[in-house]
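Chains as they are written, first to last, in this note's numbering: chain A, 1187 to 1518; chain B, 27 to 532. The beta-carbon is built from N, C-alpha and C at its ideal position, and this holds for glycine as well. Following: one structure in structure tokens, then a few remarks.
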Amino acid sequence: MKKKSFDMGRFLYDNTTTLLLLAIFLFFSVFARGFLTIGNITTALSSSSVLLLISLGMCFVVISGGTDLSVAAAYGLGGMVCVLCIQAGLSPVFAIFLALAAGAVFGLINSFLILKVGISVWLTTLGTLFIGESIERIVTKGGTPIYLSRVSGLFESIGQGTVVNIKQQGANITIKSSLLLALVLAAIAAFVLKKTVFGRHLYAAGLQRRAAELAGVSAKRCVTAAFVASGMLCCLGGVVGSSQLVSYIPVNGRYYLLDSIGTVFIGSTMHKRGFANIGGTVTGVLFFSFMTNGLNLLGVQYYWQYVIRGGLILVVLAINAYQRNVWALRTK
Amino acid sequence: MSNSEYILEMLDVSKEFPGVKALSDVTIQIKKGEVHGLVGENGAGKSTIMKILAGLYSNDGGKIIFDGEDITKKLNARTAEQTGISFIHQERYVVPHLTVAEMLFLGVEKTKTAFKFMDRRGMVKLAEQMLEEKVGVRLSGNMLVSRLTVGEQQLIQICRALMSNPKVIVFDEPTAVLAKKESERLFHIIRQLKKDKGVIYISHYFGEILDLCDRVTVLRNGKKIDTVAAADVTIDSLVTMMVGRDILEQYPPKDRKAGETILSVKGLTHRKEFHDLNFEVRRGEIVGITGLMGSGHDKVGIGIYDSHDITGGEVEFKGKKMSYISPDKAAAVGMGYVPDDRRGLGAIQSMTVKENITLACLKDMTRHGIISDREETRAVEGQIEKLRIKTPNGDVVSGNLSGGNQQKVVLARWLSDQSELYILNQPTSGIDIGARADIYKIIDEMAKSGAGVLMITQDIQELYGMSDRIIVMFRGEAVLELETTEEDLTDQIIVASMGGGAGDEG
Chain A
1187 MKKKSFDMGR FLYDNTTTLL LLAIFLFFSV FARGFLTIGN ITTALSSSSV LLLISLGMCF
1247 VVISGGTDLS VAAAYGLGGM VCVLCIQAGL SPVFAIFLAL AAGAVFGLIN SFLILKVGIS
1307 VWLTTLGTLF IGESIERIVT KGGTPIYLSR VSGLFESIGQ GTVVNIKQQG ANITIKSSLL
1367 LALVLAAIAA FVLKKTVFGR HLYAAGLQRR AAELAGVSAK RCVTAAFVAS GMLCCLGGVV
1427 GSSQLVSYIP VNGRYYLLDS IGTVFIGSTM HKRGFANIGG TVTGVLFFSF MTNGLNLLGV
1487 QYYWQYVIRG GLILVVLAIN AYQRNVWALR TK
Chain B
27 MSNSEYILEM LDVSKEFPGV KALSDVTIQI KKGEVHGLVG ENGAGKSTIM KILAGLYSND
87 GGKIIFDGED ITKKLNARTA EQTGISFIHQ ERYVVPHLTV AEMLFLGVEK TKTAFKFMDR
147 RGMVKLAEQM LEEKVGVRLS GNMLVSRLTV GEQQLIQICR ALMSNPKVIV FDEPTAVLAK
207 KESERLFHII RQLKKDKGVI YISHYFGEIL DLCDRVTVLR NGKKIDTVAA ADVTIDSLVT
267 MMVGRDILEQ YPPKDRKAGE TILSVKGLTH RKEFHDLNFE VRRGEIVGIT GLMGSGHDKV
327 GIGIYDSHDI TGGEVEFKGK KMSYISPDKA AAVGMGYVPD DRRGLGAIQS MTVKENITLA
387 CLKDMTRHGI ISDREETRAV EGQIEKLRIK TPNGDVVSGN LSGGNQQKVV LARWLSDQSE
447 LYILNQPTSG IDIGARADIY KIIDEMAKSG AGVLMITQDI QELYGMSDRI IVMFRGEAVL
507 ELETTEEDLT DQIIVASMGG GAGDEG
């Protein structure tokens, strides 16, 4: 064996996304006043818990070989079920349980349409997205938010609770319990995908469905599980979101749909073989959170923020595609 | 000109890819009026030199002289065809929803009037005329291409190629997809063609090469070994030249012992491919199934492994009647299926060798549901060594391996799962001869370990060399079942597969 020498090109190629994230972080640290303070960083992190939950769900479906457009509807559904139950006087624990159950059922409906009826993933989730959002509008009589007069117990703590709260010399350091929850779930998801038979089989089913089936993989069961996981994670996102807002705002999930697709695909560029993965997805979420936070601090107009964000996604993907080609040639 | 005897000369052609010398100083000279065979293992450089000739790659060194003119510089993907070199590829580039005439004139449509309307009627007529003239086949110009046989589709391609009146035609493994009769028709056409052209013929089938070609060039590891007259060599000597070692004992000796019945198929009927099949496979036995294309023999394996398209009959495995079988169920009870399309259905291309090998047996490598890296790596390293899979380690992406090594990966998958019945669909098609011998050895060992093997193949030599028992199918029925003996009964198999029963001969 030859001794491995450090290859700069290879290093850059393997770490494009991480390096870009660092570059953005540095840029904001230098130019955005107040960005590099513990208080601000923790705020930015804590605000990303809902996007992280939804991105985890999206990640499962992307690994299974599709894209889940209905995450937006599942997010709304979770918030709606939970808030309506609490309004009706049910205990918060039971309300959250019902919201998660609704997510599971939502995922089952998606997978039934895809696997048994045979509609493509794209069209199925597009359909359930429209239906889900319409139901949100119907239930709320045209989209009027439902405000809760009080939140308590588990429902309050899931969105608003904090695990760390230090106020010191003007600095305000808070880490929300929702962030901790999302990170714990991310860790579990990463473990399941990397270290269990299900995870390996899910990747196989997503890459070449029939080949996986012929190898004895219960591909349909894997895909179903991915959609159920997505439905539940998004509904949990909805619960967290409405807890944070102390209300349920209908058809609010669209905001997360494109972001979650973005985070998963940015994350997949961090994988050697371009597979969607949890570590990358978490990085993608951080990328978006810091972007939003930093651009807000710089006072960039809301609409321009989306232009910059879209541009940066394209830059990451372009660098990745370019280097993929270069390396394909070099290692041929 | 001194070398006017040659229509095409590739002189000292070299090509280097980063890290790999794909071709070093290869010289191939094609005479006018000859069929020139080109043989070599996969990776020997055949396709590289043909891609240079097609203008898809540029060569690093050497010259290409065509019809007395140096065209090395001029050659690119667009000019090759215009220069007078045509290619008939193994894959059929046909558009199924076009008619014969549309396919034939695709891109060179005949038009009339100043508005360039397509002259459909004229095209149909001309197409029929050209097909009969150039390749001697009568086809309706209005027929959909998708309704033609593979051989007929190929004829359309040949006819298309001939329209530009090339001086050199390259056939790249044209018979790999053809039934025997269609192959013979193709040979007839090639013999006609060579009268005023040079023909380059690439194939893995040495019988064909010796039968058809006038001279043969052998490549190995990017170097030319020799160009010989076909009349002066035998299949054995060609093989030795090609692999650089003797593979005399290609098929392992049949010293296997059949045990109890492991698979029993009764009245198995497919939606449309075959009906009322009855046969058994015993432990320690290799049963071969063959037939021509369309005989349904190639669907028998998947019919046992997946009941999706099965409409009747029953399958008994290890003494237990199986009701509806799905692949995951079949794998769980101890069957292993190796599909014919190894890139699409066999090895998952972007997964690593390791992940592919353990895909079926991953459960056995877990502790409390957690995959044990160490156990997995150790098992995979064992298989890589045992099966001689050419890969530096298990973390290489399977798609980067050659076809033969990918096939070994799929075989290793089921060996790791310790399957008790191996169903192999065309296990060696398109695989070079070196890897082929390895695979035969693996199959033999499968049977010797006490498993049953059901091998589906169209290669009669392989069928006869490997099987203990052979089932021949014709139009969806098993027409002949025989035990292999010392005596060569391949003629009987060929006759049966073409519908001539032993009874109504003569």
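Does chain D have any CB closer than 8 angstroms to the CB of residue i?
i                : result
T1382 of chain A : You won't find chain D in this structure, because its protein chains are A and B.
Against chain A, does residue i count as a neighbour if the rule is that its beta carbon must be under 8 angstroms from one of theirs?
i               : result
I195 of chain B : no
M36 of chain B  : no
I273 of chain B : Since pLDDT at I273 of chain B reaches only 49, below the 50 mark, its modelled position is unreliable, and no value is offered.
N431 of chain B : no
A461 of chain B : no
A405 of chain B : no
V521 of chain B : no
I261 of chain B : no
Y381 of chain B : First, the residue type needs correcting, since residue 381 of chain B is Glu and not Tyr in the sequence shown. Yes, because at least one Cβ of chain A sits closer than 8 angstroms to the Cβ of E381 of chain B.
G372 of chain B : yes
P397 of chain B : A quick correction: the sequence has Ile, not Pro, at residue 397 of chain B. Closer than 8 angstroms to some Cβ of chain A, the Cβ of I397 of chain B qualifies, so yes.
S40 of chain B  : no
Starting from the C-beta of residue i, find all residues in its chain whose C-beta is less than 6 angstroms away, skip the five residues before and the five after it, and write them out in chain order.
i                : result
L1222 of chain A : S1215
L506 of chain B  : V498 and A522
A70 of chain B   : L245 and R246
G456 of chain B  : G429
C1408 of chain A : H1387, L1388 and A1391
Using CA coordinates, which residue listed in the options is at the minimum distance from residue i?
i                : options                               : result
E286 of chain B  : B:E311, B:N304, B:E95 and B:G293      : B:E311
E471 of chain B  : B:M348, B:M391, B:M492 and B:E234     : B:M492
Y1434 of chain A : A:R1219, A:T1229, A:T1326 and A:D1193 : A:T1326
I1499 of chain A : A:V1303, A:I1447 and A:Y1489          : A:I1447
T137 of chain B  : B:G148, B:L130, B:M129 and B:A127     : B:G148
V1350 of chain A : A:T1229, A:V1432 and A:G1265          : A:T1229
G1496 of chain A : A:G1465, A:F1451 and A:T1202          : A:F1451
E1342 of chain A : A:V1437, A:S1454, A:Q1430 and A:V1486 : A:Q1430
T384 of chain B  : A:T1467, A:F1384, A:G1417 and A:T1455 : A:F1384
M1418 of chain A : A:I1227, A:G1251, A:V1267 and A:A1288 : A:A1288
N1226 of chain A : A:G1293, A:V1502 and A:M1477          : A:M1477
Quick one: is residue i near chain B, going by C-beta distance under 8 angstroms?
i                : result
S1404 of chain A : yes
L1388 of chain A : no
Q1430 of chain A : no
Y1492 of chain A : no
A1375 of chain A : no
L1301 of chain A : no
A1397 of chain A : yes
Q1354 of chain A : no
L1400 of chain A : yes
L1312 of chain A : no
R1459 of chain A : yes
Cutting at 8 angstroms between CB atoms, please list the residues of its own chain near residue i, excluding the five before and the five after it.
i                : result
L274 of chain B  : At L274 of chain B, the pLDDT of 46 sits below 50, so the modelled position is not reliable and the matter cannot be decided from this model.
K1188 of chain A : Low local confidence applies: a pLDDT of 43 at K1188 of chain A is under 50, so the model's placement there is unreliable, with the coordinate-based value given in what follows. Nothing meets the Cβ criterion.
G316 of chain B  : The question names Gly, yet the displayed sequence has Thr at residue 316 of chain B. Closer than 8 angstroms at the Cβ level, and outside the excluded window around T316 of chain B, lie H323, I482, T483, Q484, I486, L489, I496, I497, V498, M499, I519 and S523.
D38 of chain B   : D51, V52, T53, G87, G88 and K89
Y331 of chain B  : I351, P353, A356, M361, Y363 and I449
CB residue i to CB residue j, shorter than 8 angstroms?
i                : j                : result
T295 of chain B  : G322 of chain B  : no
I216 of chain B  : V436 of chain B  : no
S1235 of chain A : G1470 of chain A : no
I1344 of chain A : I1224 of chain A : no
A1405 of chain A : R1395 of chain A : yes
A386 of chain B  : I415 of chain B  : no
F1473 of chain A : L1207 of chain A : yes
S1338 of chain A : P1436 of chain A : no
L204 of chain B  : F232 of chain B  : no
Can you give me the Cβ contacts of residue i inside the same chain, cut-off strictly under 7 angstroms, excluding the 5 residues immediately before and after it?
i                : result
P365 of chain B  : L371, G372 and N451
G460 of chain B  : E67 and V269
H1457 of chain A : N1463 and G1466
Contact between the segment 417 to 430 of chain B and the segment 369 to 384 of chain B (3+ Cβ pairs under 8 angstroms):
yes
The segment 378 to 397 of chain B touching the segment 405 to 412 of chain B, judged by at least three CB pairs closer than 8 angstroms:
Touching, yes.
Is there contact here, the segment 164 to 173 of chain B with the segment 206 to 214 of chain B, by at least three beta-carbon pairs under 8 angstroms?
no
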